[in-house]
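Chains as they are written, first to last, in our numbering: chain A, -8 to 331; chain B, -8 to 331. Don't be surprised by glycine CBs; every beta carbon is placed ideally from N, CA and C. Heads up: the structure comes next, in structure tokens.
Protein chains: 2
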Amino acid sequence: MKNVTIYDVAREAGVSMATVSRVVNGNPNVKPVTRKKVLETIKRLGYRPNAVARGLASKRTTTVGVIIPDISSLFYAELTRGVEDIANMYNYNIILCNSDQRPEKEIHLVNTLLEKQVDGLLFMGSQLTDEHIDLFSTSTVPVVLASTKDEKEEMPSVVIDYKQAAYDAVKLLLDKGHTRIGFISGPAKEKYSGQERLAGYRNALEEAGLAVDETLIRYGDYRYDSGLKAAGELIDMADRATAIIAMSDEMAIGAIHACQDLGLNIPEDVEVIGFDNTRLTSMVRPRLTSVVQPMYDIGAVAMRLLTKFMNKEKIDNHLVVLPHRIEERESTKKQYTEIK
Amino acid sequence: MKNVTIYDVAREAGVSMATVSRVVNGNPNVKPVTRKKVLETIKRLGYRPNAVARGLASKRTTTVGVIIPDISSLFYAELTRGVEDIANMYNYNIILCNSDQRPEKEIHLVNTLLEKQVDGLLFMGSQLTDEHIDLFSTSTVPVVLASTKDEKEEMPSVVIDYKQAAYDAVKLLLDKGHTRIGFISGPAKEKYSGQERLAGYRNALEEAGLAVDETLIRYGDYRYDSGLKAAGELIDMADRATAIIAMSDEMAIGAIHACQDLGLNIPEDVEVIGFDNTRLTSMVRPRLTSVVQPMYDIGAVAMRLLTKFMNKEKIDNHLVVLPHRIEERESTKKQYTEIK
DNA sequence: ATGAAAGCGCTAACAT
DNA sequence: ATGTTAGCGCTTTCAT
């Protein structure tokens, strides 16, 4: 059974291919009668436009490539949801690729996506090597980074102020008198967001006149178990941590459980703050205070920015910094006595 | 700056387009010397094959469409990860689309994907209307269902035995003497997996000679809050539930908290079982007993099945039922005393 | 082992 | 408002 093409429709409707094309693409320069006739023929023959042929002829595929470390991570899944919703709204589809943060795989994926003639590229993942930058700069289609940025801040990116966010969380704890604040970071090798947040931690301490005790800094992989383990170490020290900040909610929940398993009460004995404010924060008792990172919005704004580039619209600024804040719940003590 | 095409490479290398094509596609019928020469030219010119043109000429895009209710759901994210890994392994990319379970949107997405000439379609989502079936049957490319199936079981699908899985969970509780077992289902309108599991619940009770008390059946939306609410009702009844089975881990955790918030102990006062065995099970105290649904595998196997169809390999059986089991943790009581 | 040439199904000038 | 036609960049016979 041969596929019906635009040519078949043209013949059957007694018009030219161009007219059918116009009808399909909503070109107004078609007489209503003709349009109706063509539309009927399309329906009758069950014609379905071939987007690949269209892509070749028009040089636009209405498809964007999305490279993400791991879709099974709550954080990236939420971001991707934002991306897809906006993509959809602007009639784009997304080709989703998991990179597992492996640079070679990322490079390979970018190339594959470029071969597939995507109209734009959305990149998430923390370490941008020179090879990445090179590749992106040779790309004929726009590239936007989400939740990361390049060192020179030359590429379009959507982020939050990670340093300030971490700083704020530490400050909150410092103001309550804590001096032993454990910090559970992401992987040590992680460049941008990881480094930034660590810098925020150090800054806050130094500003408070406190020396940074390196043993209070632990590295996890954003998952529960690593948080559990890191926190276990943090409270097993001679001069144990009295507060813990983890760079993901999942690790923070691990931290809460590590404390509870050892008989420490949250927040009385140890205050805990997470990061991202995923819906996990409500799924633990006490509920988790967390630094709000607007994940869905980061994805959505990044995709919106990309559509602007793809439309060759003028962009006011390439680096979008979304606001963050801290959502306080029961894993931290109330700062002031409530007044009725 | 014009893009370099296969024609440019051919000219520069002093060979024909056909030869370049052969080299690019790894056709062995090329003299090593020629191959080397072509490869060098490709590198020198920075040639990147245009997959859209290739798709048009070869009628294969090495892209598959994936329709999913919501990527921000842990369950579907994990499934998708399985899909993508296998797709990648077989050199396919995936176009990911969120349907939000809305039938019109699903239909629309299928059409879009078909227009984009995907080589195959992977569909997840619970309700298959006649329109879906019709559409799928007119599709020229293979379609595989994951974690759902059509009523007539005519379409290729990868599932677990949902009825039996629910039955097993209920049986576990019945064997411990429970007679008031609350059941927190997914949305009431949900067809296949929801109905199946509910049937398993009813079967188990009836088999035990227990009447089904409809007030013990509640409907949620798979998310935490709905589990919290449903469980709250289940334990607020005159003759309250002494055990609760929820159709997702998230709802089960909500159930645990609902009980704990009211001062009931898990598992002493109420035993709780979740569904899916996501990593959430370890993120709650007591840790959650859950029916294991091999999410990643369902996605992986579904994608593998799809590759077979796309290769026109012979398929032994269209309906793959993956094994399930119950992973017992501390939210249920140990059945037998442990012997040292 | 290599080349020539005919499409693949559509869009986009350009002409009328 | 509609038709004609030349590509888009590649694969794939079919020759040689």
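Inset, instruction - Measure the Cβ-Cβ separation of residue 191 (chain B) and residue 155 (chain B) and say whether it is below 8 Å. - result: yes
Legend entry - Contacts that residue 47 (chain A) makes with chain B (C-beta to C-beta distance below 7 Å): 43, 44, 47
Inset, instruction - Identify, in the order they occur along the chain, each residue of the same chain with its Cβ nearer than 8 Å to the Cβ of residue 74 (chain B), setting aside the five sequence neighbours on each side. - result: 57, 85, 113, 137, 290, 291, 293, 294
Inset, instruction - Sort out for me which residues DSSP pairs residue 210 (chain A) with in a bridge. - result: A:176
Legend entry - Bridge-paired residues (DSSP) for residue 112 (chain A): A:56, A:134
Legend entry - Residue interval of the beta strand (DSSP E) (run including residue 304 (chain B)): Residue 304 (chain B) -> no beta strand (DSSP E), and no H or E assigned at all.
Legend entry - residue 110 (chain B) versus B:131, B:167, B:97, B:15, residue with shortest Cα-Cα distance: B:131
Inset, instruction - Would you kindly check if the distance between the Cβ of residue 67 (chain A) and the Cβ of residue 115 (chain A) is under 8 Å? - result: yes
Inset, instruction - Just the chain A side, please: which residues come within less than 7 Å of residue 215 (chain B) by C-beta, in chain order? - result: 270, 273, 274
Inset, instruction - Kindly say whether residue 89 (chain A), judged by its beta-carbon, lies nearer than 8 Å to any beta-carbon of chain B. - result: yes
Legend entry - Under 8 Å between C-beta atoms of residue 241 (chain B) and residue 323 (chain B): no
Legend entry - Straight-line Cα distance separating residue 250 (chain A) from residue 256 (chain A): 7 Å
Inset, instruction - Evaluate the contact criterion for the segment 1 to 10 of chain B versus the segment 1 to 21 of chain A: three or more CB pairs, one atom per stretch, below 8 Å. - result: no
Inset, instruction - Please list, in chain order, all residues of the same chain as residue 183 (chain B) whose beta carbon is under 6 Å from its beta carbon, the five residues on each side excluded. - result: 117, 139
Legend entry - 8 Å Cβ cutoff, residue 128 (chain B) in contact with chain A: no
Legend entry - Span of the alpha helix (DSSP H), counted from its first residue to its last, around residue 76 (chain A): 65 to 80
Inset, instruction - List the endpoints of the continuous alpha helix (DSSP H) containing residue 267 (chain B). - result: Note, residue 267 (chain B): premise wrong, no alpha helix (DSSP H); beta strand (DSSP E) at 262 to 267.
Inset, instruction - From the DSSP output, read off the bridge partner residues of residue 85 (chain A). - result: A:55, B:87
Legend entry - chain B contact for residue 328 (chain A) (CB, 8 Å cutoff): Bear in mind that the predicted position of residue 328 (chain A) carries a pLDDT of just 49, short of 50, making it too unreliable to give a figure here.
Legend entry - residue 310 (chain B) (DSSP reduced to helix, strand or coil): strand
Inset, instruction - Return the Cβ separation of residue 171 (chain A) and residue 232 (chain A) in integer angstroms, given the expectation that the two are a contact with Cβ distance under 8 Å. - result: 5 Å
Legend entry - Residues near residue 203 (chain B) by beta carbon distance below 6 Å, same chain, minus five either side: 193, 196
Legend entry - Within-8 Å CB hit, residue 280 (chain A) to chain B: no
Inset, instruction - Tell me the start and end of each unbroken beta strand (DSSP E) in the segment -4 to 66 of chain B that is at least 3 residues and wholly inside, in chain order. - result: 54 to 59
Inset, instruction - Could you check the C-alpha separation between residue 105 (chain A) and residue 20 (chain B) for me, to the nearest Å? - result: 28 Å
Legend entry - Buried versus exposed, by CB contacts within 10 Å (16 or more), residue 296 (chain B): buried
Inset, instruction - Would you verify that the beta carbon of residue 331 (chain B) is, or is not, closer than 8 Å to some beta carbon of chain A? - result: Legend: pLDDT at residue 331 (chain B) = 46, less than 50; position of this residue unreliable, value from coordinates given subsequently. No - not a single Cβ of chain A is within 8 Å of the one on residue 331 (chain B).
Legend entry - chain B contact for residue 68 (chain A) (CB, 8 Å cutoff): yes
Inset, instruction - Mind listing the chain B neighbours of residue 251 (chain A)? Cutoff is C-beta to C-beta under 7 Å, in chain order. - result: 276
Inset, instruction - Output yes if chain A places a C-beta closer than 8 Å to the C-beta of residue 99 (chain B); else output no. - result: no
Inset, instruction - Within the same chain, show all residues whose beta-carbon is closer than 8 Å to that of residue -2 (chain B), passing over the 5 residues directly before and after it, in chain order. - result: 8
Inset, instruction - Kindly list the residues whose CB is nearer than 6 Å to the CB of residue 304 (chain B), restricted to its own chain and excluding five residues on each side of it in sequence; keep chain order. - result: none
Inset, instruction - Assign residue 161 (chain B) to buried or exposed, taking buried as 16 or more other Cβ atoms, counted over all protein chains shown, within 10 Å of its Cβ. - result: buried
Inset, instruction - Evaluate residue -6 (chain A) with the Cβ neighbour count: other Cβ atoms within 10 Å of its Cβ, from every protein chain shown; 16 or more gives buried, anything less gives exposed. - result: exposed
Legend entry - Close beta carbons around residue 258 (chain B), own chain, < 6 Å, minus the five adjacent residues each side: 322, 323, 324
Legend entry - Distance CB(residue 148 (chain A))-CB(residue 310 (chain A)) smaller than 8 Å: yes
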